[in-house]
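Data first, discussion second: the structure below is written as structure tokens.
Numbering (the working numbering), first residue to last: 1272 to 1492.
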């Protein structure tokens, strides 16, 4: 289920903003101006114990609000699709599909920032973070820190994260770091990103494979 939780790490594309603007304003501009994007990601998950990190790679696409495709390719294939009403998760090895209402699945998460209606100031407290990096291997990044306003609970959902950090490299959002309520840290680096492309609507439609074990109600909205 680590991959499922990391969906909501899932995901941020890039923004064309003024280099003079602060990182918070860059993030706000990204949300306001980016309606769709596609690209690739590299994800590293480190548990509270600090044991061997879990690494994965894949590709993603989104069309706001509520439509996205997040596909893990390595080391284990897994597909997550938001069709605007439902969130589908397909474990290919098990041929098992999980489906649930999209609103309950997103809540106040990083995915809501990327795929939602763009009401970031309603759900998060934003602040400027300290810059980091300054060499070829790690460019200097300007950071935004976002703290969810709603605490996670069984009734309202809420956020499963204590802190989300967005790192900008000049005019581009380069990295996202998530600190969840389980002491786990997820870092997502983005590459080969395209902003506001025309995307095939079929990318955001999911049909359960023949013979798949389906958990949840496919008719839920």
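All C-beta atoms, glycine included, are put in the ideal place defined by N, C-alpha and C.
*Is the stretch 1310-1330 in contact with the stretch 1355-1364, if contact means three or more CB pairs nearer than 8 Å?*
no
*asked:* Using C-beta distances below 6 Å, list every residue in its chain close to residue 1311, excluding the 5 sequence neighbours before and after it, in chain order.
replied: 1330, 1462, 1463
*Of the choices 1363, 1327, 1338, whose alpha-carbon is the least far from that of residue 1460?*
1327
*asked:* Please state the DSSP three-state secondary structure of residue 1304.
replied: helix
_Spatial neighbours of residue 1485 in its chain, beta-carbon cut-off 6 Å, leaving aside the 5 residues before and after_ = The beta carbon of residue 1485 sits closer than 6 Å to those of 1368, 1479, all from its chain and outside the five residues before and after it, given in chain order.
*Cβ of residue 1394 within 9 Å of Cβ of residue 1420?*
yes
*Helix, strand or coil: how does DSSP classify residue 1331 here?*
In the structure shown, residue 1331 adopts extended strand secondary structure according to DSSP, grouped into three states.
*CA-to-CA distance, residue 1319 to residue 1304, given in whole angstroms*: 36 Å
*Run through the stretch 1419-1492 for me and flag every whole beta strand (DSSP E) of 3 or more residues, listed as ranges in chain order.*
1432-1440, 1443-1451, 1456-1466, 1484-1486
_So, at 6 Å on beta carbons, what are the nonlocal neighbours of residue 1384 in its own chain, with the 5 sequence-adjacent residues on each side left out?_
Answer for residue 1384: 1391, listed in chain order.
_Continuous beta strand (DSSP E) stretch holding residue 1340: start and end_ = Counting along the chain, residue 1340 sits inside the beta strand (DSSP E) bounded by residues 1338-1345.
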